[in-house]
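*Asks:*
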Amino acid sequence: MIYEQAATVPTGGLEALNMLKKANIQSGQKVLINGAGGTIGPFAVQLAKYFGAEVTGVDSTKKLDMLLSIGADHVNDYTQEDFTKSGETYDFILDLVRNSSFSGSIKSLNQNGCY
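Encoded structure:
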């Protein structure tokens, strides 16, 4: 990786931190990160775990082991299962890819959840 490419890496971490702080993530909350294996997602998984959240990472099959290795409690393969139809609910959904229906995502939130 050249310096010009490496210089952009912290941007993903700052974006993840900003979004999680705005959502006021607290210990014990359930967080789902859709697109957890992309540029921002791995930072979000690790930061949400740092804040004490129970984290579900959603991405493709090839990224699931990586998500578990960086701290995700649960993983969901979007090519096999739509998280919006699982019946699980979350305190915060960070949707980085928007490949699931908005209405389904909203229904997957707890009563006072944040999207």
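Take 1 as the starting number for the sequence shown in UniProt numbering and just add one per residue.
Don't be surprised by glycine CBs; every beta carbon is placed ideally from N, CA and C.
Keep in mind it's a predicted model, so treat the numbers as computed, not measured.
What number of angstroms, rounded off, separates the C-alpha of Asn18 from the C-alpha of Ser27?
*Replies:* About 17 Å.
*Asks:* Whose CA, out of Leu14, Ile106, Asn112, lies closest to the CA of Gln46?
*Replies:* Per the Cα distances, Leu14.
*Asks:* Along the chain, where does the beta strand (DSSP E) that runs through Gln5 open and close?
*Replies:* No beta strand (DSSP E) contains Gln5, which is instead part of the alpha helix (DSSP H) from 3-6.
*Asks:* Between Ala72, Gly113, Glu88, Asn112, which has its C-alpha nearest Asn35's C-alpha?
*Replies:* Checking the sequence, you will find Gly at residue 35 rather than Asn. Gly35 has its Cα closest to that of Ala72, out of Ala72, Gly113, Glu88, Asn112.
*Asks:* Check whether the region 82-90 touches the region 101-113, taking contact to mean three or more Cβ pairs, one atom from each stretch, closer than 8 Å.
*Replies:* Verdict: yes, contact present.
*Asks:* Can you tell me whether Lys30 is buried or exposed, with buried defined as 16 or more other CB within 10 angstroms of its CB?
*Replies:* With 16 or more other Cβ atoms within 10 Å, it is buried.
*Asks:* So Val58 and Leu32 are in contact, right, with Cβ under 8 Å, and what is the actual spacing, rounded?
*Replies:* Sure, about 7 Å apart at Cβ, within 8 Å.
*Asks:* Using three-state DSSP, classify Leu32 as helix, strand or coil.
*Replies:* In the structure shown, Leu32 sits in a strand (DSSP, three-state: E or B).
*Asks:* Grab me the residues of Thr39's own chain with a C-beta within less than 6 Å of its C-beta, minus the 5 sequence neighbours each way, in chain order.
*Replies:* For Thr39, where only same-chain residues beyond five positions count, the Cβ hits under 6 Å are Gly12.
*Asks:* Taking the alpha-carbon positions, what's the Gly52 to Leu64 distance?
*Replies:* If I take the Cα positions, the gap works out to 20 Å.
*Asks:* So Glu15 is in the beta strand (DSSP E); what residue range does that whole segment cover?
*Replies:* Segment 9-22 is the alpha helix (DSSP H) holding Glu15; no beta strand (DSSP E) there.
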